[in-house]
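**Q** Got a structure for you, written out below as structure tokens; questions coming shortly.
2 protein chains.
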Amino acid sequence: MTINRAQQKEKTRRQIIDAAFQLLSEERSFASLSLREVAREAGIAPTSFYRHFEDMEELGLSLVDEGGVILRQLMRKARQRINDRGSVIRISVETFMEFIHNSPHVFRLLLRERSGSSLAFRKAVSRELQYFVVELADYIQHQRGHSAEDARIQAEAMVILVFNACAEALDCKPSERVQLTEKAIVQLRYIARGAESFLRRRPNGGVK
Amino acid sequence: MTINRAQQKEKTRRQIIDAAFQLLSEERSFASLSLREVAREAGIAPTSFYRHFEDMEELGLSLVDEGGVILRQLMRKARQRINDRGSVIRISVETFMEFIHNSPHVFRLLLRERSGSSLAFRKAVSRELQYFVVELADYIQHQRGHSAEDARIQAEAMVILVFNACAEALDCKPSERVQLTEKAIVQLRYIARGAESFLRRRPNGGVK
DNA sequence: ATATAACGTGTACAAGTGTACGCTGAAAAA
DNA sequence: TTTTTCAGCGTACACTTGTACACGTTATAT
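Quick note, the sequences are listed as chains A and B, same order.
Residue numbers for the first sequence follow the working numbering, beginning at 402 and rising by one.
Residue numbers for the second sequence follow the working numbering, beginning at 402 and rising by one.
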């Protein structure tokens, strides 16, 4: 029953990552976590931390990556659902809401670091969100026949509004989340309709 | 030349607040500031801090208040400009952009604490932003004749998008900010137009 | 003139921090 | 089998942190 060394290392690495997520509760930001604290929670000696990460910043970026993976899984699922039974807008919003219900810690991390004090973190989160934007823009572009640029502007606005609605939802009772969802849907519809109206269904209908 | 004691106290209080804003640079969040650090920057003994604030949280809330004051001044100026020469949307966006140009530290504080780890802070920032939302909603309601609720939904979306564009602008060279401004304006126009289209200029034109 | 109140100081301490260093035991390589 | 590698540990050290406490100093109230 001798276990692979690499496997053991990976396992410990996971413990560290899980410990960090565990500590990222409602009241703690990543920046407020100390290396020793994470090590304690992970059940290892403080100095062992360095066998896995250069410093806390590197751990943080790994957490963001982790969040990105979950986000992309979510995106695939959403795409699936949209193909099954229409309404991009409703499904996008509801998928996000599902996300914060299933992985509030992960969402909180992305939310906070998006406007956090580390440029590296901000960029990392922004990059993850861009996947969603690109995906949505693509859909808009082909479905509605807008130019790539117009589609992107709409998609960015939509992602921001959905993301923001989720942030609000975090501070709410689940019962109030329904209203937030509906509000976000209305807002996204305004954007879609407004763009439609401005661009008049022509591929390059704008000012250019 | 004996100075009033209360005046002296107020002056020291200001030193503390200014010191804190000073430390809130691009790379530091409020949560990462220590009491001693702020005291050092303010040029007072660490223990003197307590003569003015119960703890760091209280200082933080004062900073948010301070930001709120600036925000409201801004709002008044924007209202003025709108009355002078139309275009709510362009003027709102440009006023915000002016804000981050003039007081980047203040904006950064509001931006970060809006999704920070303290509920008290989040609520405080949210309250400040609501002033803007209410103002804008009021304008939309009377100018466009939408219901209070519809107007609010639009106003919230607009404020979020503008706020977000400013956040992006913070990481940009001033030359790129123009494009962000234009993008935000387009997004806001989509919302206005979309709402118009849905609600058809009637006070209660929605589903209701 | 005297007493009071209170802003600001310096000292002190326990607690927590990041991380350098050397060691151990066991898995992997030779 | 012997040697090498390396994840994990414990100790140690130099900091920084919040804050309790006792003490000046001086504007204000009596």
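Note that CB positions come from ideal geometry on N, CA and C, so glycine has one too.
Because the structure is a prediction, the values reported are computed rather than measured.
Locate the alpha helix (DSSP H) running through B/L434, then write down its first and last residues.
**A** No alpha helix (DSSP H) contains B/L434, which DSSP labels as neither H nor E.
**Q** Taking C-beta to C-beta, are A/E592 and A/Q555 nearer than 8 Å?
**A** Glu is not the amino acid found at residue 592 of chain A; the sequence shown has Ile there. Taking 8 Å as the Cβ cut-off, A/I592 and A/Q555 qualify as a contacting pair.
**Q** What are the start and end residues of the alpha helix (DSSP H) that includes B/P575?
**A** 575–600 is the extent of the alpha helix (DSSP H) around B/P575.
**Q** Should A/K574 be flagged as near chain B, meaning a C-beta pair shorter than 8 Å?
**A** Answer no: the Cβ-Cβ gap between A/K574 and chain B never drops below 8 Å.
**Q** What does the alpha-carbon distance come out to for the pair A/L434 and A/A440?
**A** Approximately 10 Å between the Cα atoms of the pair.
**Q** Taking beta-carbon pairs under 8 Å, can you tell me which members of the region 420–433 of chain A lie near chain B?
**A** The residues in question are E427, E428, R429, S430, A432, S433.
**Q** Given this structure, state the Cα-to-Cα distance separating A/H502 from B/A420, to the nearest angstrom.
**A** Answer to the nearest angstrom: the Cα atoms are 40 Å apart.
**Q** Please confirm if B/L562 has its CB atom under 8 Å from at least one CB of chain A.
**A** Chain A, which has a Cβ nearer than 8 Å to the Cβ of B/L562, makes this yes.
**Q** Apart from the five residues on each side of it in sequence, which residues of its chain come closer than 7 Å, Cβ to Cβ, to B/S430?
**A** These residues qualify, in order along the chain: R513.
**Q** What is the residue span of the alpha helix (DSSP H) that A/F533 lies within?
**A** 520–545 is the span of the alpha helix (DSSP H), which, as asked, contains A/F533.
**Q** Could you spell out the range, first to last residue, of the alpha helix (DSSP H) harbouring B/L510?
**A** It spans 505–515 - the alpha helix (DSSP H) in which B/L510 sits, taken as one unbroken run.
**Q** Taking DSSP as the reference, what is the three-state secondary structure of B/G606?
**A** Unreliable placement is indicated for B/G606, whose pLDDT of 40 sits below 50; no coordinate value is reported for it.
**Q** Express the C-alpha separation of B/A407 and A/L444 in angstroms, rounding to a whole number.
**A** In the sequence as displayed, the identity of residue 444 of chain A is Gly instead of Leu. Roughly 53 Å between the two C-alpha positions.
**Q** I'd like to know whether the C-beta atoms of B/S516 and A/E428 end up nearer to each other than 8 Å.
**A** No, the Cβ-Cβ distance between B/S516 and A/E428 is not below 8 Å.
**Q** With a threshold of 8 Å between beta-carbons, can B/G517 be considered close to chain A, or not?
**A** Chain A contact via Cβ: present.
**Q** Since B/N484 meets chain A, which of its residues come closer than 9 Å, beta carbon to beta carbon?
**A** Near B/N484 there are no residues of chain A at all, since even the closest Cβ is about 25 Å away, more than 9 Å.
**Q** Quick one: is A/G487 buried, meaning 16 or more other Cβ sit within 10 Å of its Cβ, or exposed?
**A** Under this definition A/G487 is an exposed residue.
**Q** Can you give me the Cβ contacts of A/E438 inside the same chain, cut-off strictly under 7 Å, excluding the 5 residues immediately before and after it?
**A** Cβ within range, chain order: L424.
**Q** If you count every other CB in all the chains shown that lies within 10 Å of the CB of A/S426, and 16 or more means buried, which is it?
**A** When all chains shown are included, A/S426 counts as exposed.
**Q** Within 8 Å, do at least three Cβ pairs link the region 493–510 of chain A to the region 561–581 of chain A?
**A** Flag = yes, the region 561–581 of chain A and the region 493–510 of chain A touch.
**Q** Rounded to the nearest angstrom, what separates A/R611 and A/F508 at their Cα positions?
**A** Outside the shown range of chain A, which is 402 to 609, sits residue 611 of chain A, and nothing can be said about it.
**Q** In the DSSP assignment, find the unbroken alpha helix (DSSP H) run with A/L462 in it and report its ends.
**A** Counting along the chain, the alpha helix (DSSP H) containing A/L462 begins and ends at 457–486.
**Q** Using only CA atoms, which one of B/G595, B/Q531, B/V560 lies nearest to B/R545?
**A** Taking only the C-alpha atoms, the option nearest B/R545 is B/G595.
**Q** How long is the line joining the alpha carbons of A/Y451 and A/R528, rounded to whole angstroms?
**A** Going by the C-alpha atoms only, they are around 27 Å apart.
**Q** Mind pulling the chain A residues with CB within less than 9 Å of B/S598?
**A** What B/S598 touches in chain A: Y591, R594, G595, E597, S598.
**Q** Closer than 7 Å by beta-carbon distance: list the chain A residues that pair up with B/V587, in chain order.
**A** Correct list: I554.
**Q** Does any residue of chain B have a CB that is nearer than 8 Å to the CB of A/L512?
**A** Taking Cβ atoms only, chain B reaches closer than 8 Å to A/L512, which makes this a yes.
**Q** Where do the ends of the alpha helix (DSSP H) carrying A/L425 lie?
**A** That residue, A/L425, is in no alpha helix (DSSP H); it is neither H nor E in DSSP.
**Q** Applying a beta-carbon distance threshold of less than 8 Å, which residues of chain A neighbour B/K584?
**A** Under the 8 Å cutoff, chain A gives I554, E557.
**Q** Are three or more beta carbon pairs between the region 464–483 of chain A and the region 558–567 of chain A nearer than 8 Å?
**A** No: fewer than three Cβ pairs fall under 8 Å.
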